[in-house]
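Trainee:
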Amino acid sequence: MLRHTYQKIDLGAVRHNIEELGRFAPGKMRMAIVKADAYGHGALETAKTAIKAGADWLGVATPEEAEELAGLKKPILILSPIGEEATKDAVDLGISMCVFTDEQIETVKKAVKATGKKAKIHIKCDTGMGRIGIRSEDELNGILDRIDGDIILEGMFTHFATADEPDLTYAEKQLGQFRKYVALVKSRGFSPIVHAANSAAIFSLDCSDFDMVRMGIAMYGYLPCPGFDAKGADLRPAMSVVSSISHIKKVRVGDSISYGRHFTAERESIIATVPIGYADGYMRANSNKACAIVNGVRVPVCGNVCMDQIMLDITDAGKAEIGDEVVLMGTQGDTVVSADELAGYAGTISYEILTSFKGRMPRVYLNG
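With our numbering, letter number 267 in the sequence shown gets 335, and the count goes up by one each step, no holes.
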């Protein structure tokens, strides 16, 4: 039985976006970032599509995410630090790991001894993000000193904190520091895959001397932030969130809707109930702010979003019936509700909106 509230994922849009990003990074390897269940789009199906579209690598955040995709036979990098047991599993499966401390190197060596296999590592450099990574040449040399024949220094990378902002001064400073680290590593005789550019930096920074770019939010059709200059890139959102009308009623002037009675009808209105709520990722912050689309018309959310249901004022949407489609995010005809718009109501970013739609909603894939 298929629930009538679901995510619609256009894999053709994902494929298009990857090809479009390739125009801005000609000749570079491309890593498809499919962590967080591919930003809420479904990791396995998205990864398969990315590979068909030319992605050379897959990037994830956790060992479990890597293990799910190991059967695709593409290089996978775990971008976050992992524990001892996961390190052993990663070495055994040939999955590449992020390393930046002496303790991690020792853990890797134990895993090599336990599995009898060589380990593949990417050194993470903290050039200003302030999250994880080596922070000095001494730390970097300490890591390099511990690399032996059983450890393959496959790559090195950094991450930008402000590549999506108009003032790129700080990002350029990070870039300069990273280039110093790269030069040091190469002077020691290593030849790693060097990568730094996230979605924003693909457009905003010159990383042409590096080997690979990492495709994140742009792969899913969104700019790193509203108003970001993507140099004319044609990005197409891949996710829609769709439901249908489950109930219709007429209300009188003065009638209230939903918990707390925060909506009171100021006119005779037609109210539709739709089976989606904050348990599905449709945030309570949308209460009395967001619009959905019915019959190609934007219609407002009335009252507080409930756990499982919302109400819409469809008075101005023409004739509507139970079962008619409701688009909560996406496009119907020429009318759009974007993740950026929903993010504005919640005081957050499109990334959080996309990754919030999960759990009990099924996914329907198109153009796979």
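Just so you know, even glycine gets a beta-carbon here, dropped at the ideal spot from N, CA and C.
1. What residues are listed by DSSP as bridge partners for H190?
2. Quick check for students: name the residue ranges of the beta strand (DSSP E) that lie wholly in the region 357-387, counting only runs of 3 or more.
3. Nearest-angstrom Cα distance between A93 and S276?
4. Inspect the beta-carbon positions of A264 and I77 and report whether they are closer than 9 angstroms.
5. Alpha carbon to alpha carbon, how far is V262 from R256?
6. Start and end of the beta strand (DSSP E) containing I211?
7. Based on the DSSP output, what are the partners of M397 in its beta bridges?
8. State the start and end residues of the unbroken alpha helix (DSSP H) segment that holds R71.
9. Mark K103 as exposed unless 16 or more other C-beta atoms lie within 10 angstroms of its C-beta, in which case mark it buried.
10. Grouping DSSP H, G and I as helix and E and B as strand, with all else coil, what is I86?
11. Are A347 and L410 close, meaning C-beta to C-beta below 9 angstroms?
12. For A388, which residues of its own chain have a beta-carbon under 8 angstroms away from its beta-carbon, when the five flanking residues on both sides are left out?
13. Which residue's Cα is closest to the Cα of M56: L396, P143, S311, R71?
14. If you measure between the beta carbons of S308 and V342, is that distance less than 9 angstroms?
15. Could you check the C-alpha separation between E88 and V82 for me, to the nearest Å?
16. With 16 as the cutoff for other CB atoms within 10 Å, does L70 come out buried or exposed?
17. Between V373, F296, R320, M379, which has its C-alpha nearest D408's C-alpha?
18. Can you tell me where the beta strand (DSSP E) with Y290 in it begins and where it stops?
19. Note down the Cα distance separating V250 from L243, rounded to an integer number of angstroms.
20. For I146 and V367, I'd like the C-alpha separation in whole angstroms.
21. Would N372 be called buried (16 or more neighbouring beta carbons within 10 Å of its own) or exposed?
22. Using a Cβ-Cβ cutoff of less than 6 angstroms, which residues in the same chain neighbour L291 once the five nearest sequence positions on both sides are dropped?
23. Would you identify the three-state DSSP class for V321, choosing helix, strand or coil?
24. At what residues does the beta strand (DSSP E) containing R282 begin and finish?
Mentor: Reading it off the structure:
1. Mapped onto the sequence shown, residue 190 falls at position 122. Looking at the DSSP assignment, H190 forms a beta bridge with C166, G223.
2. 359-362, 365-368, 378-381
3. The residue given as residue 93 occupies position 25 in the sequence shown. The residue given as residue 276 occupies position 208 in the sequence shown. Each residue's Cα considered, the two are about 8 angstroms apart.
4. For the purposes of this step, residue 264 is taken as residue 196 along the sequence shown, with counting starting at 1. For the purposes of this step, residue 77 is taken as residue 9 along the sequence shown, with counting starting at 1. In this structure, I77 does not lie closer than 9 angstroms to A264 by Cβ.
5. Translated into positions along the sequence shown, residue 262 becomes position 194. Translated into positions along the sequence shown, residue 256 becomes position 188. Computed Cα separation, rounded: 15 angstroms.
6. The count along the sequence shown starts at 1 and reaches residue 211 at position 143. From DSSP, I211 is part of no beta strand (DSSP E) but of the alpha helix (DSSP H) over 205-213.
7. Mapped onto the sequence shown, residue 397 falls at position 329. DSSP output for M397 lists V309 as bridge partner(s).
8. As a first step, residue 71 is located in the sequence shown; it is residue number 3 there, counting from the start. Element bounds for R71: n/a, residue is neither H nor E.
9. Position 35 of the sequence shown, counted from the start, is the residue given in the question as residue 103. Classification of K103: buried, given that the 10 Å Cβ count is 16 or more.
10. Position 18 of the sequence shown, counted from the start, is the residue given in the question as residue 86. Three-state result, I86: helix.
11. Here residue 347 refers to the residue found at position 279 when the sequence shown is read from its first residue. Here residue 410 refers to the residue found at position 342 when the sequence shown is read from its first residue. Contact flag unset, no.
12. Residue 388 sits at position 320 when you count from the first residue of the sequence shown. Cβ neighbours of A388 beyond the five flanking positions: I313, I316, I338, A340, V362, N363, I382.
13. Only positions 69 to 436 of the chain appear in this structure, which leaves residue 56 out of reach.
14. In the sequence shown, the residue the question calls residue 308 occupies position 240. In the sequence shown, the residue the question calls residue 342 occupies position 274. No, the Cβ-Cβ distance between S308 and V342 is not below 9 angstroms.
15. Here residue 88 corresponds to residue number 20 of the sequence shown, with the count starting at 1. Here residue 82 corresponds to residue number 14 of the sequence shown, with the count starting at 1. Whole-angstrom Cα-Cα distance: 10 angstroms.
16. Counted from its first residue, the sequence shown places residue 70 at position 2. Under this definition L70 is an exposed residue.
17. Taking the first residue of the sequence shown as position 1, residue 408 is located at position 340. The option with the nearest alpha carbon to D408 is F296.
18. Position 222 of the sequence shown holds residue 290. Neither: Y290 is in no beta strand (DSSP E) and is coded neither H nor E.
19. Position 182 of the sequence shown, counting from 1, holds the residue named residue 250. Position 175 of the sequence shown, counting from 1, holds the residue named residue 243. V250 and L243: Cα-Cα distance of roughly 10 angstroms.
20. Translated into positions along the sequence shown, residue 146 becomes position 78. Translated into positions along the sequence shown, residue 367 becomes position 299. The straight-line gap from Cα to Cα measures roughly 42 angstroms.
21. Within the sequence shown, residue 372 is the residue found at index 304, counting from 1. Under this definition N372 is a buried residue.
22. Start at 1 with the first residue of the sequence shown, and residue 291 comes out as number 223. Once the five neighbours on either side are set aside, the close Cβ partners of L291 are A298.
23. Locating residue 321 in the sequence shown gives position 253, where the first residue counts as 1. Coil.
24. In the sequence shown, the residue the question calls residue 282 occupies position 214. Start and end: 280-283.
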